[in-house]
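A.B. asks:
In our numbering, the protein residues as written are 4 to 283.
Laid out in structure tokens, this is it:
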């Protein structure tokens, strides 16, 4: 320790650069059989979004244990749904939890603002924060937005259709934040009844448009509410929200987000199920 202190005297920090504090992680390795496949290969929109809902329920279970994933990217679709003790079939699950944090300590720790996740699937707010000198605590709303972008990616990259227009859309959706949001607007403007849109972007994505648009709007509304609530709580708590309040807030919005998507999927279930008939 003394040697370390002495060495610091000979290294002048001329650029005023401070090394960020690391976020310590634990690594647990287990050997298991690989199962499931990418959502991109989903045979129908209903299979795609049902798998996402099941993965969200699994994510919610993690949240109930005071853990947050923070890198929603790998959602696998199970070809042969797993039968649980409750006898309901599970067809989707998330993996890669190495970026997860424990809420029991997360809000008490001094974080250096390091963000976790994959840019292509980050929420707009989280991705914007990457370029701003600001502290940022990743919320469950950020995770919920990532579920959306994973679903949109799977719908756009589904191999059932190939065209120049669709290839351009795929390039945009994998690009910068501005490029991705431009592509998102293209997806939202698709008309489920226009044959020209079907020719350009394919039946699969066309069938996904209504649920993607409503889901996006739902998450956007949830994000706005979350920002308002956190701002009000910060103003009434001398600039720092109590960790217990933060945990309750994160879990509450988790329930809202999953319930909203479940209701949206129920509303669009019949139209999603019609894909097989239209595609035959």
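Even for Gly, the Cβ is constructed at its ideal location relative to N, Cα and C.
Owing to the predicted nature of the structure, the values given are computational and were not obtained by experimental measurement.
1) From the DSSP output, read off the bridge partner residues of residue 220.
2) Kindly indicate which residue of 69, 66, 105 has the alpha-carbon position closest to the one of residue 29.
3) Of the residues 180, 184, 148, 206, which one's Cα is nearest the Cα of residue 194?
4) In chain order, what residues of the same chain have a beta carbon less than 7 Å from the beta carbon of residue 7, not counting five sequence neighbours either side?
5) Alpha carbon to alpha carbon, how far is residue 225 from residue 151? Give it in angstroms, no decimals.
6) For residue 119, which three-state DSSP category applies?
7) In three-state terms, what does DSSP make of residue 135?
8) Measuring only the C-alpha atoms, how far is residue 53 from residue 268?
9) Out of 27, 39, 45, 49, state which residue places its alpha-carbon closest to the alpha-carbon of residue 275.
10) Rounding to the nearest angstrom, what Cα-Cα distance links residue 60 and residue 213 in this structure?
11) Could you tell me the boundaries of the alpha helix (DSSP H) in which residue 168 lies?
12) Could you check how far apart the C-beta atoms of residue 45 and residue 174 are, in whole angstroms? I think they sit under 8 Å.
13) Apart from the five residues just before and just after residue 240, which ones in its own chain have a Cβ nearer than 7 Å to its Cβ?
14) For the alpha helix (DSSP H) that residue 269 lies in, which residues bound it at each end?
15) Assuming residue 184 is part of the alpha helix (DSSP H), what are its boundary residues?
16) Could you check where the alpha helix (DSSP H) with residue 204 kicks off and where it finishes?
17) For the alpha helix (DSSP H) that residue 144 lies in, which residues bound it at each end?
18) Would you mind working out which of 167, 119, 40, 71 sits nearest residue 25, comparing C-alpha positions?
19) Can you tell me which of the three DSSP states residue 104 falls into?
20) In angstroms with no decimal places, state the Cα-to-Cα distance between residue 282 and residue 249.
21) My output table needs one value for residue 30: the three-state DSSP class, helix, strand or coil.
22) Output yes or no for whether 8 Å exceeds the beta carbon distance between residue 51 and residue 158.
23) Does the beta-carbon distance from residue 190 to residue 208 come in below 8 Å?
24) Restricting to Cα atoms, I'd like to know which of 47, 204, 141 is closest to residue 110.
25) Going by the DSSP bridge assignment, what does residue 70 pair with across the sheet?
26) Quick check: the Cα distance between residue 155 and residue 215, rounded to an integer number of angstroms?
27) Which of the three DSSP states is assigned to residue 243 in this structure?
28) Do residue 253 and residue 143 have their C-beta atoms closer together than 8 Å?
29) Is the beta carbon of residue 261 less than 8 Å from the beta carbon of residue 184?
C.D. replies: The short version:
1) To locate residue 220, count along the chain shown from 1; it is residue 217. Paired residue(s): none; residue 220 is not in a bridge.
2) Here residue 29 is taken as the residue at index 26 of the chain shown, counted from 1. When only C-alpha atoms are compared, the closest one is 105.
3) On the chain shown, residue 194 is found 191 positions in, with the first residue counted as 1. It is 206.
4) One-based indexing of the chain shown puts residue 7 at position 4. With a pLDDT of 49 at residue 7, under the threshold of 50, the predicted position of this residue should be treated as unreliable, and no value is reported.
5) For the purposes of this step, residue 151 is identified with residue 148 of the chain shown, where counting begins at 1. For the purposes of this step, residue 225 is identified with residue 222 of the chain shown, where counting begins at 1. Looking at the two C-alpha atoms, the distance is approximately 13 Å.
6) The residue labelled residue 119 in the question sits at position 116 within the chain shown. It is coil, neither helix nor strand.
7) Looking up residue 135 in the chain shown gives position 132. Three-state result, residue 135: coil.
8) In the chain shown, counting from the first residue as 1, residue 53 sits at position 50. In the chain shown, counting from the first residue as 1, residue 268 sits at position 265. One C-alpha to the other measures close to 8 Å.
9) To locate residue 275, count along the chain shown from 1; it is residue 272. Considering only alpha carbons, the answer is 49.
10) Here residue 60 refers to the residue found at position 57 of the chain shown. Here residue 213 refers to the residue found at position 210 of the chain shown. Going from the Cα of residue 60 to the Cα of residue 213 covers about 22 Å.
11) As a working note, residue 168 is residue 165 in the chain shown. First-last of the alpha helix (DSSP H) with residue 168: 167-176.
12) Locating residue 45 in the chain shown gives position 42, counting from the first residue. Locating residue 174 in the chain shown gives position 171, counting from the first residue. Between residue 174 and residue 45 the Cβ distance is about 21 Å, and since that is not below 8 Å, they are no contact.
13) Translated into the one-based positions of the chain shown, residue 240 becomes position 237. Within the same chain, residue 240 has no close Cβ partners at all.
14) As a working note, residue 269 is residue 266 in the chain shown. Taken as a continuous stretch (DSSP letters only), the alpha helix (DSSP H) holding residue 269 covers 246-276.
15) Here the question's residue 184 lines up with position 181 in the chain shown. According to the DSSP assignment, residue 184 belongs to the alpha helix (DSSP H) that extends over 180-192.
16) Mapped onto the chain shown, residue 204 falls at position 201. It spans 198-204 - the alpha helix (DSSP H) in which residue 204 sits, taken as one unbroken run.
17) The count along the chain shown starts at 1 and reaches residue 144 at position 141. Segment 143-159, the alpha helix (DSSP H) holding residue 144.
18) Within the chain shown, numbered from 1, the residue matching residue 25 stands at position 22. The residue with the shortest Cα to Cα distance from residue 25 is 119.
19) Position 101 of the chain shown, counted from the first residue, corresponds to residue 104. Reduced to three states, the DSSP call for residue 104 is strand.
20) To locate residue 282, count along the chain shown from 1; it is residue 279. To locate residue 249, count along the chain shown from 1; it is residue 246. In this structure, the CA atom of residue 282 is about 47 Å from the CA atom of residue 249.
21) Walking along the chain shown from the start, residue 30 turns up at place 27. The answer is coil: DSSP assigns residue 30 none of H, G, I, E or B.
22) Within the chain shown, numbered from 1, the residue matching residue 51 stands at position 48. Within the chain shown, numbered from 1, the residue matching residue 158 stands at position 155. Yes, they are a contact pair.
23) Reading the chain shown from its first residue, position 187 is the one you call residue 190. Reading the chain shown from its first residue, position 205 is the one you call residue 208. Yes, the pair counts as a contact, with Cβ atoms nearer than the cut-off.
24) On the chain shown, position 107 is the one that residue 110 refers to. Nearest option by C-alpha distance: 141.
25) On the chain shown, residue 70 is found 67 positions in, with the first residue counted as 1. Residue 70 is bridged to 105.
26) Taking the chain shown and counting its residues from 1, one reaches residue 155 at position 152. Taking the chain shown and counting its residues from 1, one reaches residue 215 at position 212. Each residue's alpha carbon lies about 7 Å from the other.
27) Position 240 of the chain shown, counted from the first residue, corresponds to residue 243. Three-state DSSP puts residue 243 in coil, outside helix and strand.
28) Translated into positions along the chain shown, residue 253 becomes position 250. Translated into positions along the chain shown, residue 143 becomes position 140. Yes. Within cutoff.
29) Indexing the chain shown from 1 puts residue 261 at position 258. Indexing the chain shown from 1 puts residue 184 at position 181. No, the pair does not count as a contact, with Cβ atoms beyond the cut-off.
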